[in-house]
Amino acid sequence: MNIMRVKEIETLPRAGLEAIQLQRLQSLVHRVYETVAPYREKMDAAGVKPGDIQSLADLKKLPFTTKDDLRDNYPFGLFTVPMDDVVRVHASSGTTGKPTVVGYTAGDIEMWASVMARALSMAGVTKGDMIHNAYGYGLFTGGLGAHYGAEYLGATVIPVSGGNTKRQITIMRDFGSTVLLATPSYALNLADAMADVGVSPEELKLRVGIHGAEPWSENMREEVERKLGIRAVDIYGLSEVIGPGVAMECLETDRGMHILEDHFLPEIVDPDTFEPLPYGEPGELVFTTLTKEAFPIIRYRTKDLSRLVAEPCKCGRTLVRMEKVTGRTDDMLIIRGVNVFPSQVEHVLMGVEGVEPHYQIEVNREGNLDTMEVMVEVSEQVFSDEIKVLENLTRKIQVEIKDLLGVTAKVKLVEPRTIKRSEGKAQRVIDNRKL
Amino acid sequence: MRVEQIAVFLENKSGRLAEITEILAKNGINIRALSVADTADFGILRLIVNKVDLAQKVLKENGFTVGKTTVLAVEVPDQAGGLAGVLKTVEAEGMNVEYMYAFVNKSGEKAVLIFRFDDMDKATQLLQKAGLTLLSGEQVCSL
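For the protein sequence lines, the chains are A and B, in the order given.
According to our numbering, the first sequence is numbered sequentially starting from 189.
According to our numbering, the second sequence is numbered sequentially starting from 3.
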């Protein structure tokens, strides 16, 4: 990684940065208009042509993209390049049965590695570090995204992935891991497991933890820092934009994560009117990718609530910052790092014969682990006088939820009309976690 | 010779059983036999009552999930080996008991065993062939 070049980009005067952004945005809009029919149709319907984008303020003329657009064009309908040029795909949870699929060209993979490497450097990580990457490897972007970034930086990466906590502790101690990449809840899990097996933080060389993929509070940050004896910083990303490496806290920030704005153009919009809001106002975070090739996205509504901070940072970077995500505009839950939509659970229940979709999801945090319980009302159709029939039913629902969502849920049968219906609409989710 | 049985889904929470018995009492329904099967999370109440259809109707109206199934009621002398004799008969043919419960009639001379088998038709044949007394629903309720 060319550190001088990165420093130059990240400390550009705003006017210089915005000139780069505009030029990239214009070229992107032309490209998607010409190559992707769904984008062209939406722009035509909104009466906007690529040539109308004359300034960054014209961004608001472009239609939004949502998860529904991804679902409607499943799996590859929004790709701008032939599949021959796509070298990798990733997927995340869709709102129903089908996942949200994204693709990358070789150039995208390199760009992603470079932004992730820059994110790591913001936390003071260098090529001399030993990076313990406990994000899951697979369709989820976390593991591989962080991995490529660590290699791009020239650091040593241990692709340990999730699970097998005791072995992870041995590896951290014996290999001398200096950087921990994990969800904040898994970091706490590791800390507690260390206490259980009698390994103290002093025996490890860990210096910094980079935690994302799920919401966490300042209290949790303090807990991670105290229990592991490290600096814990926040990272933000989502697969629809690229994966990890969209925004990252530097070590000097007092408020929020720097957005890698030369690649990802942020907006905050009013969650009700969708009108763009000025810096400092809270609202829904919207991203436009400026340099992606296979799967660029225009004005993607993340449904994450945040605020953009324009004030210069002590670190000298001129990149705008986003505050910690404070919530969602939809009902998406993040359980053990996995995105879960109540509609997915409904989809599973509808597929089990005789089960009525009267359900409620209760989420709790036991220790550091999230648990999900799905309560299902027993209809006459599925009821039996034999225990084993009902037990088979709960097992079947559990297996199908695990298959579709990738999360183990406890399924509990309840009496009819137990789940409260308020004004005819049931309350689907009770989230008891105190984040 | 089958007996109709009511089954009710029960969540494991206090007061549910009392509520059911109250509803039945209010409607003049007499419980002849009952059993509760339970797991960690839920239970199934099985009842033999004198007014099956009415019981099903009023419990449904009160928001319970109710099912109706048939069981076999076998009358045996209330003495050692009564149950063993019946089980031996069906076991020899490789039949499975899904569940069973029992009560003793008022005189105390006879016991009534309530059975649900995996193959009810075959079980009926076997028990009749072995000369055991199968009771009707009416007979069970008039004991």
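The beta carbon of each residue, even a glycine, is placed where N, CA and C say it ideally should be.
Do you know how far the Cα of Glu511 of chain A is from the Cα of Leu493 of chain A? 9 Å
Hey, is Leu392 of chain A's beta-carbon within less than 8 Å of any beta-carbon in chain B? no
To the nearest angstrom, report how far apart Glu469 of chain A and Arg509 of chain A are at their CA atoms. Glu469 of chain A and Arg509 of chain A: Cα-Cα distance of roughly 13 Å.
Partner residues on chain B for Arg605 of chain A, Cβ-Cβ distance less than 8 Å: The contacting residues are Gly65.
Can you check which of these residues, A:Val566, A:Glu534, A:Glu437, A:Tyr547, is closest to Ile503 of chain A by C-alpha distance? In the sequence as presented, Ile is not what sits at residue 503 of chain A; that position holds Cys. Checked all of A:Val566, A:Glu534, A:Glu437, A:Tyr547; the closest Cα to Cys503 of chain A is A:Glu437.
Would you identify the three-state DSSP class for Asp80 of chain B, choosing helix, strand or coil? coil
In chain B, which residues lie with their C-beta within 8 Å of the C-beta of Ser567 of chain A? Thr67
Specify, as a first and last residue, the run of the alpha helix (DSSP H) that Val416 of chain A falls within. Here the sequence assigns Leu to residue 416 of chain A, which means Val is not the residue at that position. From DSSP, the alpha helix (DSSP H) with Leu416 of chain A extends over 406-416.
Could you please tell me which residues of the region 363-393 of chain A, in chain order, have their CB closer than 8 Å to any CB of chain B? none
What do you reckon, are the CB atoms on Leu453 of chain A and Leu213 of chain A nearer than 8 Å? yes
Which residues of chain B have a Cβ atom closer than 9 Å to the Cβ of Leu174 of chain A, listed in chain order? Here chain A comprises residues numbered 189 to 623, so residue 174 of chain A is not present and cannot be evaluated.
Would you tell me roughly how many angstroms separate the C-alpha atoms of Glu298 of chain A and Tyr336 of chain A, rounded to the nearest one? Those two C-alpha atoms are separated by around 8 Å.
Inter-residue CB distance, Gly331 of chain A and Ser349 of chain A (contact presumed, cutoff 8 Å): 6 Å
Between the region 275-289 of chain A and chain B, which residues of the former have CB atoms less than 7 Å from a CB of the latter, in chain order? none
Just to confirm my understanding: we take Arg219 of chain A, look at its own chain, exclude 5 residues before and 5 after, and list those with CB closer than 7 Å. What are they? Excluding positions up to five away in sequence, the list reads Thr268.
Less than 8 Å separating the beta-carbons of Ile430 of chain A and Lys480 of chain A? yes
So with Cβ pairs under 8 Å, would you call Arg34 of chain B a contact of chain A? Answer no: the Cβ-Cβ gap between Arg34 of chain B and chain A never drops below 8 Å.
Near-chain A residues of the region 68-101 of chain B - C-beta to any C-beta below 8 Å: Val68, Gly69, Thr71, Glu100, Tyr101
For the 8 Å Cβ check, are there 3 or more pairs between the region 320-328 of chain A and the region 366-381 of chain A? yes
Chain-ordered neighbours of Ala132 of chain B on chain A, where CB pairs are closer than 7 Å: By Cβ distance, chain A contributes nothing, its closest Cβ being about 25 Å from Ala132 of chain B, past 7 Å.
In or out: Asn527 of chain A buried (at least 16 other Cβ within 10 Å) or exposed? buried
Between the CA atoms of Gln586 of chain A and Tyr547 of chain A - distance to the nearest angstrom: 13 Å
Identify the residues that DSSP records as bridge partners of Gln356 of chain A: which are they? DSSP lists no partner for Gln356 of chain A.
Taking 8 Å as the CB-CB limit, is Asp573 of chain A close to chain B? Yes, contact with chain B.
Identify the residues that DSSP records as bridge partners of Ser515 of chain A: which are they? The sequence given here has Gly at residue 515 of chain A, not Ser. Paired residue(s): A:Leu493.
Roughly how many angstroms separate the alpha carbons of Met3 of chain B and Asn352 of chain A, rounded to a whole number? C-alpha separation (whole angstroms): 58 Å.
Do Leu74 of chain B and Leu136 of chain B have their CB atoms nearer than 8 Å? yes
Cβ-Cβ separation, Arg616 of chain A to Leu522 of chain A (assumed contact under 8 Å), whole Å: Sequence check: residue 522 of chain A is Ile here, not Leu. Their Cβ separation, rounded to whole angstroms, is 16 Å, which puts Ile522 of chain A and Arg616 of chain A out of contact at 8 Å.
Please report the residue range of the alpha helix (DSSP H) in which Asn636 of chain A lies. This structure cannot settle anything about residue 636 of chain A, because the visible part of chain A is limited to 189 through 623.
Report buried or exposed for Leu439 of chain A, applying the criterion of at least 16 other Cβ atoms within 10 angstroms of its Cβ. Under this definition Leu439 of chain A is an exposed residue.
Enclosing alpha helix (DSSP H) for Leu19 of chain B [first to last residue]: 18-28
Would you call the CB atoms of Ala35 of chain B and Asp80 of chain B closer than 8 Å? no
If Val566 of chain A sits next to Phe11 of chain B, beta carbons under 8 Å apart, how far is it from one beta carbon to the other, in whole angstroms? With a beta-carbon spacing of about 5 Å, Val566 of chain A and Phe11 of chain B fall inside the 8 Å limit used to define contacts.
Step through the CB atoms of chain A and report whether any lies within less than 8 Å of the CB of Ala39 of chain B. yes
According to DSSP, what are the bridge partners of Tyr101 of chain B? B:Arg118
Between the Cα of Tyr340 of chain A and those of A:Leu210, A:Ile357, A:Leu378, A:Trp300, spot the shortest distance and give me the residue it belongs to. A:Trp300
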